[in-house]
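Protein chains in written order, with UniProt numbering: chain A, 1 to 302; chain B, 1 to 265.
Here a beta-carbon is modelled for each residue, glycine too, at the ideal position from N, C-alpha and C.
Values in this document were obtained by computation on a predicted structure and should not be read as measured data.
Take a look at the structure:
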């Protein structure tokens with residue numbers, strides 16, 4: 001299979017030109033219709049939102065709307081809630097997802113494959129189902145409180161955290177952990193078991209094998225899963241909406257309540273721009289930290 | 001095998017199931033159990049009934065189901081055309097331009113869905129594109145949101161495609177369009193159907209952008225579930241959720257059967 005024709009792919013259009021004077025449209029022309037459609041239905045609307053956030057009703061351009069919104073206490077609360085819930089959820093998903101994926105990969109049990117399929121199905125369902133389910137498990141009418149009142153005879157159960165930020169955190173960790181597990185399982189299946197056997201026969205114990213052999217191998221997958229979960233958590237809306245707590249507002253929730261409940265479109269546009277900027281900033285920051293960590297791990301391994 | 005002792009293995013499995021069952025298996029079971037119940041004040045639900053399902057398959061709820069199915073079909077077909085076309089066209093571009101196109105099509109993933117909804121609301125509430133208040137704006141929003149997934153999976157499949165087939169076809173004189181239609185698309189069929197299934201499932205459960213812009217006559221199932229639970233009808237919401245999951249699973253199953261047949265050809 002080392003023939004030169006096979007090794008070097010033909011440039012686009014070469015064959016057609018060779019067979020006759022057929023006109024071949026240049027490649028970039030074919031890319032125009034889909035990019036144009038995307039521009040019409042997404043990029044242009046995005047620009048309109050930025051423009052509306054900069055132009056108050058009186059006309060002209062100013063940052064007045066930003067100054068006004070950034071001073072509001074609900075906005076600051078929402079910003080803080082968004083950041084800490086997303087960061088805590090990402091950390092929780094990484095820890096939980098790693099533990100579960102390691103057991104599936106290295107301590108195999110019958111039915112493990114079926115579980116991986118189950119996780120794929122899990123990813124196809126919307127996030128708000130988790131909050132709906134948690135209402136039946138930890139809600140005021142629900143399994144956990146029901147067990148407690150049956151056992152102790154008390155009027156109310158002790159589980160009241162569901163309508164607090166902790167309820168949102170639990171739901172997000174539950175829903176987003178599979179997003180970490182899937183790339184991680186794929187990476188773990190690539191790890192050379194011979195290396196593990198050698199390390200183990202040389203006397204290394206499980207924690208050391210995990211740290212020195214498995215971790216460097218799966219760090220890119222862990223990083224990819226983590227960055228996806230971070231962005232998804234920052235942008236999550238369904239879980240927060242279904243939690244329906246007065247005290248838990250995040251930036252996407254604030255966009256919704258400003259635009260739909262208050263009809264304040266310039267304010268909603270300001271929060272939307274801040275929300276997009278926050279997602280992009282945290283994502284970039286995370287990738288930079290990860291690149292440094294990966295570089296450090298490679299240096300330590302060398 | 002990382003854990004050699006029998007005790008160690010059992011410890012690992014116990015930890016796994018103590019974490020896995022309550023977190024991932026319980027939610028589905030609980031929603032399913034609640035959809036057949038009218039009360040849940042003890043450890044288990046009580047007073048079994050089928051009334052919620054009767055309600056979920058009649059009147060407005062049935063209309064919401066068909067609305068969701070139609071929206072998801074429309075959105076996944078148009079996302080597949082738009083994202084697939086972009087992935088196929090981007091392959092022919094110079095490397096730098098290709099990365100720009102790929103990044104543009106991934107951008108809707110980085111933007112919160114609520115903001116996508118707001119964008120469409122701002123852009124299509126004024127002439128010349130007055131779509132606000134019609135069903136089209138919902139389909140359009142879902143298309144924008146799921147196109148990234150279609151683009152990504154078709155793009156990934158394209159890099160795995162063996163160029164030998166199309167090169168031999170082209171060297172035999174086949175025009176590019178003929179090569180696309182007879183060689184590349186049939187080879188891509190398995191990943192195209194996988195992408196279609198994913199897009200359909202995501203669109204069926206889409207809530208964030210939908211609550212921003214659904215018109216009164218076009219209420220998809222997730223919005224209906226939200227309005228049921230927010231007015232306190234949790235059990236009715238659970239039945240609607242089960243109907244939604246069942247419909248999604250049925251379509252996914254059908255799509256994967258098509259995929260298997262395409263892969264065996």
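The criterion of a C-beta distance shorter than 9 Å is satisfied by residue 33 of chain A and residue 85 of chain B. Of the residues B/122, B/12 and B/3, the one whose Cα lies closest to the Cα of residue 43 of chain A is B/122. Here residue 155 of chain B is buried. Its C-beta has 16 or more other C-beta atoms within 10 Å.
Under the 10 Å beta carbon count, residue 160 of chain B is surrounded by fewer than 16 other beta carbons and is classified as exposed. Fully contained in the region 29-111 of chain B are the following alpha helix (DSSP H) runs of length 4 or more, in chain order: 51-56, 59-91 and 95-110. Residues of chain A whose Cβ lies closer than 7 Å to the Cβ of residue 16 of chain B are, in chain order, 100 and 103. Closest in C-alpha terms to residue 241 of chain B, from the list A/250, A/266, A/127 and A/162, comes A/127. DSSP places residue 80 of chain A in the uninterrupted alpha helix (DSSP H) bounded by 73-106.
Exclusion of the five residues before and after residue 74 of chain A leaves 249 and 254 as the residues of its chain whose Cβ lies within less than 8 Å of its Cβ.
For residue 235 of chain A, the uninterrupted alpha helix (DSSP H) segment begins and ends at 215-235. Residues 196 of the same chain have their beta carbon placed closer than 8 Å to that of residue 77 of chain B, with the five preceding and five following residues left out of the count. The three-state secondary structure of residue 26 of chain A, taken from DSSP, is coil. In chain order, 122 make up the part of chain B whose C-beta sits under 9 Å from the C-beta of residue 52 of chain A. Within chain B, the C-beta atoms nearer than 7 Å to that of residue 30 of chain A come from 89 and 92, in chain order. Take the alpha-carbon of residue 104 of chain B and the one of residue 277 of chain A: they are about 16 Å apart.
For residue 238 of chain A, the closest Cβ of chain B is nearer than 9 Å.
The residues 183, in chain order, have a CB closer than 6 Å to that of residue 224 of chain A in the same chain once the five nearest residues on each side in sequence are set aside. Residue 75 of chain B and residue 148 of chain A have their C-alpha atoms spaced approximately 46 Å apart. Contact annotation, residue 239 of chain B with residue 46 of chain B: C-beta distance approximately 16 Å; criterion of less than 8 Å not satisfied. Taken atom to atom, the span from the alpha-carbon of residue 68 of chain A to that of residue 95 of chain A is near 40 Å. Identification of residues in the region 142-154 of chain A having a C-beta nearer than 7 Å to some C-beta of chain B yields 142, 143, 146, 147 and 150, given in sequence order. In the DSSP assignment, residue 9 of chain B falls within the unbroken alpha helix (DSSP H) covering 6-20. Using a Cβ-Cβ cut-off of 9 Å, residue 94 of chain A does not count as an interface residue toward chain B, since no Cβ of chain B sits closer than that to its own.
Boundaries of the alpha helix (DSSP H) harbouring residue 172 of chain A: 165-188, taken from the DSSP string. The beta carbon of residue 130 of chain A falls within 9 Å of a beta carbon belonging to chain B, placing the residue at that interface. The continuous stretches of alpha helix (DSSP H) do not include residue 214 of chain B, and DSSP gives it neither H nor E. Closer than 9 Å to the CB of residue 44 of chain A there is at least one CB belonging to chain B. By the CB criterion at 9 Å, residue 179 of chain A and residue 24 of chain B fall outside the cutoff.
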